[in-house]
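Enquirer:
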Amino acid sequence: MVHNSQEQESTKRNESLVELKGVAKRFLSGSEELVILNSIDLKLPEKLVTVITGESGCGKTTLLNIIGGLETPSSGSVDVAGYAVQALDEEGLTEYRRRVVGLVFQFHYLLKDFNALENILLPGYMAGLTRAAARERAAHLLDQVGLSARAEHYPTQLSGGERQRIALARALMNDPDIVLADEPTGNLDERNSRAVQDTLFELVRGFGKTLIMVTHDAGIAASGDRRFHLEQGSLYTA
Ligand SMILES: Nc1ncnc2c1ncn2[C@@H]1O[C@H](COP(=O)(O)OP(=O)(O)OP(=O)(O)O)[C@@H](O)[C@H]1O
Ligand SMILES: [Mg+2]
Numbered sequence: 002m003v004h005n006s007q008e009q010e011s012t013k014r015n016e017s018l019v020e021l022k023g024v025a026k027r028f029l030s031g032s033e034e035l036v037i038l039n040s041i042d043l044k045l046p047e048k049l050v051t052v053i054t055g056e057s058g059c060g061k062t063t064l065l066n067i068i069g070g071l072e073t074p075s076s077g078s079v080d081v082a083g084y085a086v087q088a089l090d091e092e093g094l095t096e097y098r099r100r101v102v103g104l105v106f107q108f109h110y111l112l113k114d115f116n117a118l119e120n121i122l123l124p125g126y127m128a129g130l131t132r133a134a135a136r137e138r139a140a141h142l143l144d145q146v147g148l149s150a151r152a153e154h155y156p157t158q159l160s161g162g163e164r165q166r167i168a169l170a171r172a173l174m175n176d177p178d179i180v181l182a183d184e185p186t187g188n189l190d191e192r193n194s195r196a197v198q199d200t201l202f203e204l205v206r207g208f209g210k211t212l213i214m215v216t217h218d219a220g221i222a223a224s225g226d227r228r229f230h231l232e233q234g235s236l237y238t239a
């Protein structure tokens, strides 16, 4: 097939949804400098599931937070969906986090005074959807994670696996380009862990999303399209 140069250019731009160049993260600990991330280069196309494994303390959350605009790198560049994330000001970061990324954390962080449906719809409401539109989309997502019957349940009335599935639905509320998941099955028993992982993978693949997931669980990594291992500040293809 023959492309004109403009088409080639746009294909090239679309090739990497995420591109990290020389990303480093260092912390000062007393007079010593701790190098958590050394010089990470990473290019990811859209619509793939990437799993990054590594031992506790190796910097997985730090890396994910940098991609999600929750932490700033000490040096290097982070380009995601056309945003130069490391250079955004607070306002830019708020927009980036709201529009581009959906976050699923190790601990669900559901708001205890809101029921399941409300927890899912809140990010949409905050992004400017009308109450009715937010409710409709949240109800659809609740159905997608198989929990329509739990709409009125508060977080304390849900099982651990159910809470994580609500957190997945919440992450998808604003239709993000990319879902970032930090050990979303970390606190669950094996059966629930499997169910949440399956739901997560089905949802991101079904909605054509890009997923980056970090985990210490090498078993989960096998299901990813791309696999990396983080060790001593460097990222290796696994
Ligand atoms: N604000 C901080 N100041 C100093 N050191 C920090 C800070 N945040 C994280 N660290 C250190 O950076 C390292 C990486 O932390 P990180 O949370 O990214 O690890 P992780 O791979 O996600 O671990 P886990 O699997 O246990 O969640 C740890 O050694 C941690 O102590
Ligand atoms: Mg972590």
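If you count by the numbering used here, then the sequence shown holds residues 2 to 239, one letter each, in order.
Yeah, the Cβ is synthetic: ideal placement off N, Cα and C, and Gly gets one too.
(1) Take K13 and list the residues in its own chain whose beta-carbon comes closer than 8 Å to its own, dropping the five residues that flank it on each side.
(2) Taking the alpha-carbon positions, what's the F108 to Q165 distance?
(3) Does the beta carbon of F202 fall short of 7 Å from some heavy atom of ligand 1?
(4) Can you give me the Cβ contacts of A139 inside the same chain, cut-off strictly under 6 Å, excluding the 5 residues immediately before and after it?
(5) Spatial neighbours of D183 within its chain, please: CB distance less than 6 Å, with the 5 preceding and 5 following residues excluded, ordered by chain position.
(6) What residues are listed by DSSP as bridge partners for H230?
(7) Determine whether the beta carbon atoms of L45 and S78 lie at a separation below 8 Å.
(8) If the criterion is Cβ atoms closer than 8 Å, does the pair I37 and V24 meet it?
(9) What number of angstroms, rounded off, separates the C-alpha of L143 from the C-alpha of V197?
(10) Under a three-way DSSP split, which group does A152 fall into?
(11) CB-CB under 8 Å to R136, same chain, minus the five flanking residues each way: which ones, in chain order?
(12) Considering just the uninterrupted stretch of the beta strand (DSSP E) at T211, what are its terminal residues?
(13) Rounded to a whole number of angstroms, what is the C-alpha to C-alpha distance between E33 and E56?
(14) What are the uninterrupted segments assigned as beta strand (DSSP E) that are 3 or more residues long and contained completely in the segment 35–119, given in chain order?
(15) Let me check one thing: in DSSP terms, what residues is G179 bridge-paired to?
(16) Considering A168, what are the terminal residues of the beta strand (DSSP E) in which it resides?
(17) Using the DSSP secondary-structure output, state which residues sit across from F28 in a beta bridge.
(18) Under a three-way DSSP split, which group does E184 fall into?
(19) Can the beta-carbon of P74 be found less than 8 Å from the beta-carbon of K113?
Expert: Per the coordinate set shown:
(1) Model confidence at K13 stands at a pLDDT of 43, short of 50, so the residue's coordinates are unreliable and nothing is read from them.
(2) 8 Å
(3) no
(4) L118, I121, L122
(5) T62, L65, F106, Q107, V215
(6) In DSSP, H230 forms a bridge with T54, Y237.
(7) Contact flag unset, no.
(8) no
(9) Between the alpha carbons of L143 and V197 lies a gap of roughly 14 Å.
(10) DSSP places A152 in coil when its eight states are reduced to three.
(11) L118, L122
(12) 211–216
(13) 22 Å
(14) 50–54, 76–81, 102–105
(15) Strictly speaking, residue 179 in this sequence is Ile, with Gly absent from that position. In the DSSP assignment, I179 forms a beta bridge with V102, T211.
(16) From DSSP, A168 is part of no beta strand (DSSP E) but of the alpha helix (DSSP H) over 161–173.
(17) Per DSSP, the beta-bridge partners of F28 are L35.
(18) coil
(19) no
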